[in-house]
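Structure first, commentary second.
Protein chains: 2
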Amino acid sequence: MKTTALSKEGFDLKIGILTIGNELTSGRIRDTNSSFIAEAVNRQGWRVSVIMSVGDEYADIRKGLDYILDAADAAIVTGGLGPTADDITTEAVAKAYGLALYTDEDVLREVRSRLERLRVAWTPNNEKQAMFPEGAMPIHNPTGTAWGFALKRADKLISVIPGVPGEVERMLPEGVIPLLKEMEPGPRTVVVGRTIKLFGLSEAKVDQTVSGLDLGFEGLSIGFYPRFPENHLVLTVRSPSEEEARKTLSDVESKVEGGLRKYIFGHDDNTIEGIVASLLTRKRLTLAVAESCTGGLIMDRLTDIPGSSLFLERGYVVYSNKSKTDLLGVPAEVIDGCGAVSEETARLMAEGAVKKAGTDLGVGVTGIAGPTGGTEAKPVGTVYIALADREKTTCRLFHFRGERRRVKEISARWALEMLRRYLTGAYPNG
Amino acid sequence: MKTTALSKEGFDLKIGILTIGNELTSGRIRDTNSSFIAEAVNRQGWRVSVIMSVGDEYADIRKGLDYILDAADAAIVTGGLGPTADDITTEAVAKAYGLALYTDEDVLREVRSRLERLRVAWTPNNEKQAMFPEGAMPIHNPTGTAWGFALKRADKLISVIPGVPGEVERMLPEGVIPLLKEMEPGPRTVVVGRTIKLFGLSEAKVDQTVSGLDLGFEGLSIGFYPRFPENHLVLTVRSPSEEEARKTLSDVESKVEGGLRKYIFGHDDNTIEGIVASLLTRKRLTLAVAESCTGGLIMDRLTDIPGSSLFLERGYVVYSNKSKTDLLGVPAEVIDGCGAVSEETARLMAEGAVKKAGTDLGVGVTGIAGPTGGTEAKPVGTVYIALADREKTTCRLFHFRGERRRVKEISARWALEMLRRYLTGAYPNG
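Next up, the structure:
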C-alpha cells in the first residue's frame, strides 16, 4: 500500500497507542479508537510507531507500556477507567512505576455533582474515578465521569483516557493533543489541515495526479485515505508561524484542487448527503426518489440528515414492474420492450417521480445488483441513473463491479453525486 | 466490561496477533482483521494475549515479533505479502531469524497460472510472492496470489497471511487454525460451536439470564458479543471426542435457549433480513413496506437479500403528510387529528400498503427520529410500528433512546422482528 508522504518534515514525535480491554482481545468489540487516534496523530504531522491492545491484566498492561515507552516518545492509552472491579488501568499504571494513588478532591466533587445531575446513585466504587497515580495530572472528561490523566516518565509522556469512542473524540483533541504539542522539540509549531473529499476518480488516478504535482512545500505532508466509494486527501502543514502555515495550505490546496476539481465534492466534515440536503434546502427545491436496484438506500441516506423533510417529499421503492407502472406511470410496453433495466425506464421513473409527487426534481435508478439477473447485453452491475427536473432529464449508464451490496452503495453514491453536480450547476451533463 | 466466561477450560493456547502496514499506523485503514482473528481464536477456546500493529519497517516488525513470541505460544501475522517494494513482511521475518529465502517452484507455477487466467501480465516482482524463509511451509491462498507461510521457532509457531480481509477470512480457518490445533498440548481435541442470536432483550438481561443457569459443563466457554441492536452468544465446547462435544453443546443450547426463546431470532450465520426473506419466500407471501421515520432503511435491508424481488412488491417512503394520503390513502383528517406520528396513522399506513400494493402483508412505521420534532407527549424516539395482513393489524409503540441514526436502525430492526414473529406464528401479538 502506498502512502503519499511528499515531505517527511515534522515527523519528529513518535507515539505509541495502547488500548486496554478484554472486549478487544476477545474480538467482542472492534477497536475503533486506535485508527481514530492514529489519524489524529498523523494530522499533527507526528508518527505512530506501534498500536497495541491488551486485556485487563496488570502484567499485560505493564509490558505493553514498557514496550511503547521504549519505542516511542509518548503513549496514548485508552480503556479501563470505569468504576467496576475489572477497570484496573489506573492501578496498573501506578503499580508499573511504583506510585501510590491519590484522590483529587476537585475531580471527586465534579464526578459527584455530575452523577447527582443525572440522578445516578453514588456508590463507593465511584470514588475510584477520582484517584490518580502520584504526580499525574487529571484530564477533564466533558461527557462522562471517567477522567483521564497524564503522567511524565523521564522525558516521556503517558496519557490515559477512557475507551468510550465518544469520549475519546472529545478528550483526545481537547486534553491529550495539547499536552503532546508541548513535547515537540524546537520552536513551537502551528499545524493546520484540510481534508479534500473526492468521488468518481479511482484511487490510482488520484494518487497519480497528486504525485505529478510540484508540491515541494516545507512542512507539508499529504495523507491518502480511501473511504469506499470516496477518496479523501488530508493536507497537513506545520510551520512556526500560523500565517505562514495558512498561506502554504492555501497554496497547496489550489494546486491539488486544480487538477481534480470535477471530483471534489466537499471538505473536512462534509458528507455527500449533507451537501445535497443543504443545497436543496437553500435553493428551496423539493425531491422525490424512485429506486429499484438501490432498494431505498438513497432515501435512507438523505433521511439521515435532520430537517430532510424540508425537501424530501417522498420515495418510491418500485421493485416490481407493476409498481413502476402503478406508482410512476412507466408504461408496461416500455418495460416489456426496453426492459425494466433500461435508459427508457430510468428516465420515465425520474420523470414519473416529478409528475406524481409534484416535486422540482426526481431521481430514477434501475439496475442489476446481482448476483443473478445479468445477461450478455446487461451484465450484473449495469445501472441506469436518471435525474429529471420539470423540463429535462439526463441519464447515465454505469457498469459497476463487485457484489450486491457494493453495487447498491456505489449506485446510491452516484445518484447523490449527480444531484450535487446538477445543484451546483458545474457539470450539467454529469 | 464484562465477559461471560463460565469456564476457563481449554484456554491453554496463547496467541499474539501482529498486523503490518503503514495504512494501519497512519489510521488510513481501520484494522478489521485483528478482531476477526481474535474472535476466531476465542471460538477455539484459545486466548489472545496481545494485538499489535506496526508499519512496513524491518525493525518494527522484528520487535513486534519478538514481543509476541515472548508473550504467547504463537503469532498470527497479516499484511505486507504483496508484490510491491513496500511489502517487506517475508523478508523482515527471514532477517529477524537470520534465514535465507528460497523459491517454492510449486507456488511459483500456481501464481503464474493464476495471473495467466486473470490475463494479468507477469512481472519480475511477482516472483517475490513464491519466496519464503528457509524452513517455512507455504500456506495456500485460495483467492489471491499472495501465499502465506508458517515457520516454527523452537516450540512456537509464526503464521503469516496477507492482509486483505477476504483472504484472511479463508486462509485463517483453512490454513492457520489447523496448524495451531496441532500445537495443543495433551490429547487432540474437537471444538464445536454454536452462535445464538438474540434481539429485544438488553445486554444486562441476557447476561443475567445466562449467569443464572447451571452450566457447569466441562470444556464449555460462552462468549457474549453485543452487535447493536442484537446480542450474540457464542457457545464453544472442547472435548477429546466429537460425539461428547456435540452432546454437551446440544445440552447447553437447550438450557440457554429455554429462558431466552422469545428473543432468539437465529443462529450462526443467520441475519434477520435473511430469515424474514426465506420465511416470506417459503410461505409465498408478498410484502409492501410504508416507511416514514426509517426513511427506506427497512427496504434497503430486505433488498440486500438476493431474490427479494420474489416477495417484495414495493416500498413507500412517505415522508410528507401529503404522500401518506396520496399513496396510502391515510385520510388527512386522521393525520391532522391524531398526528402523523400516531397509532392510527401507523395502522392506516400498513393497511394502505396492503390495499394499494395488493400484497399479503404490509408494514407501516412512523416516528420521531430527532434531534428535533419531539414534544412532551411524543418525545424524540417515539415510534409506532404496525403490521397488517388482509384481515387484521397489530401495532406497537416504542420509546427508543439515542441519536437519529440509532433510532432509525432500531426501528427498522423491530419492524423486521415483528415480521419474523408474525411469520413464525410464535408471538402473534409481538
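Sequences listed follow chains A and B, in order. In this text, residue positions in the first sequence follow this note's numbering: the first is 47, and each later residue adds one. In this text, residue positions in the second sequence follow this note's numbering: the first is 47, and each later residue adds one. Heads up, the beta-carbon is just placed ideally off N, CA and C, and yes, glycines get one too.
- Note on the region 214–277 of chain B: whole alpha helix (DSSP H) runs with a minimum of 4 residues are 223–229, 249–257, in chain order.
- One thing to note: B/L465 has its Cβ no nearer than 9 Å to the Cβ of B/V256.
- B/L197 sits in a strand when the DSSP states are folded into three classes.
- For the region 379–447 of chain B, the full-length beta strand (DSSP E) segments reaching 3 residues or more read 407–413, 428–434, 439–445 along the chain.
- Within chain A, the residues whose beta carbon sits less than 7 Å from that of B/N88 are S72, G73, listed in sequence order.
- By the CB criterion at 9 Å, A/L356 and A/L407 fall outside the cutoff.
- Residues of the region 341–352 of chain A with a C-beta atom less than 9 Å from some C-beta of chain B are G341, G342, L343, I344, M345, D346, R347, L348, T349, D350, I351, P352, listed in chain order.
- Here the alpha carbon of A/R442 sits roughly 9 Å from the alpha carbon of A/L433.
- Ranked by Cα distance from A/G353, the options B/L127, B/I351, B/C339, B/L358 are led by B/C339.
- Judged by DSSP secondary structure, B/A142 falls outside any beta strand (DSSP E) and instead within the alpha helix (DSSP H) spanning 135–142.
- Shortest Cα-Cα distance from A/H186 to any of A/T169, A/E180, A/S205 involves A/S205.
- Put simply, of A/S80, A/T439, A/E379, A/L348 the residue whose alpha carbon is nearest the alpha carbon of A/G398 is A/T439.
- With its beta carbon less than 9 Å from one in chain B, A/P417 belongs to the interface.
- Per DSSP, A/S205 is one residue of the beta strand (DSSP E) stretching across 202–207.
- Among the CB atoms of chain A, none fall inside 9 Å of the CB of B/Y104.
- Across the set A/V157, A/L161, A/A167, A/V166, the C-alpha of A/V157 shows the shortest separation from the C-alpha of A/P184.
- Scanning chain B for C-beta atoms nearer than 7 Å to the C-beta of A/L407 yields nothing, as the closest lies near 14 Å away.
- For B/A458, the secondary structure class from DSSP, reduced to helix, strand or coil, is helix.
- Secondary-structure assignment with DSSP links B/E337 through a beta bridge to B/V363, B/V411.
- Across the set A/R216, A/I456, A/D382, A/R451, the C-alpha of A/I456 shows the shortest separation from the C-alpha of A/L247.
- Spatial neighbours of A/V123 in its own chain (CB-CB distance under 6 Å, excluding positions within 5 residues in sequence) are listed in chain order as L64, V206.
- Apart from sequence neighbours up to five positions away, the residues of its chain that approach A/E276 with a beta-carbon distance below 7 Å are K243, L244, F245, ordered along the chain.
- Under the Cβ criterion of 9 Å, B/M217 is not counted among the residues facing chain A.
- Rounded to the nearest whole angstrom, the CA to CA distance from B/A84 to A/L70 is 8 Å.
- Listed in chain order, the non-local C-beta contacts of B/Y104 below 7 Å within the same chain comprise I134, A138, K141, local neighbours out to five positions each way being set aside.
- The contact set of A/A117 on chain B, defined by CB atoms closer than 8 Å, consists of D106, K109 in chain order.
- Secondary-structure assignment with DSSP links A/V100 through a beta bridge to A/I66.
- Annotation: A/L356 is outside any alpha helix (DSSP H) and is labelled neither H nor E by DSSP.
- Taking C-beta atoms under 8 Å as the contact rule, A/G312 and A/I351 fail to qualify, at a distance of about 14 Å.
- For A/S99, the nearest CB of chain B lies under 9 Å from its own CB, placing it at the interface with that chain.
- Along the length of the region 281–334 of chain A, whole alpha helix (DSSP H) runs at least 4 residues long occupy 288–306, 318–328, reported in chain order.
- Note that the C-beta distance between B/T391 and B/V409 is not below 9 Å.
- The alpha carbon of A/D132 has as its nearest neighbour, out of A/V96, A/N171, A/D116, the alpha carbon of A/N171.
- At least one CB atom of chain A sits nearer than 9 Å to the CB of B/K402.
- Listed along the chain, the chain A residues whose CB falls inside 9 Å of the CB of B/A84 are L70, T71, S72, G73, R74, S99.
- Residue-level contact by beta carbon holds for A/V94 and chain B, with a gap shorter than 9 Å.
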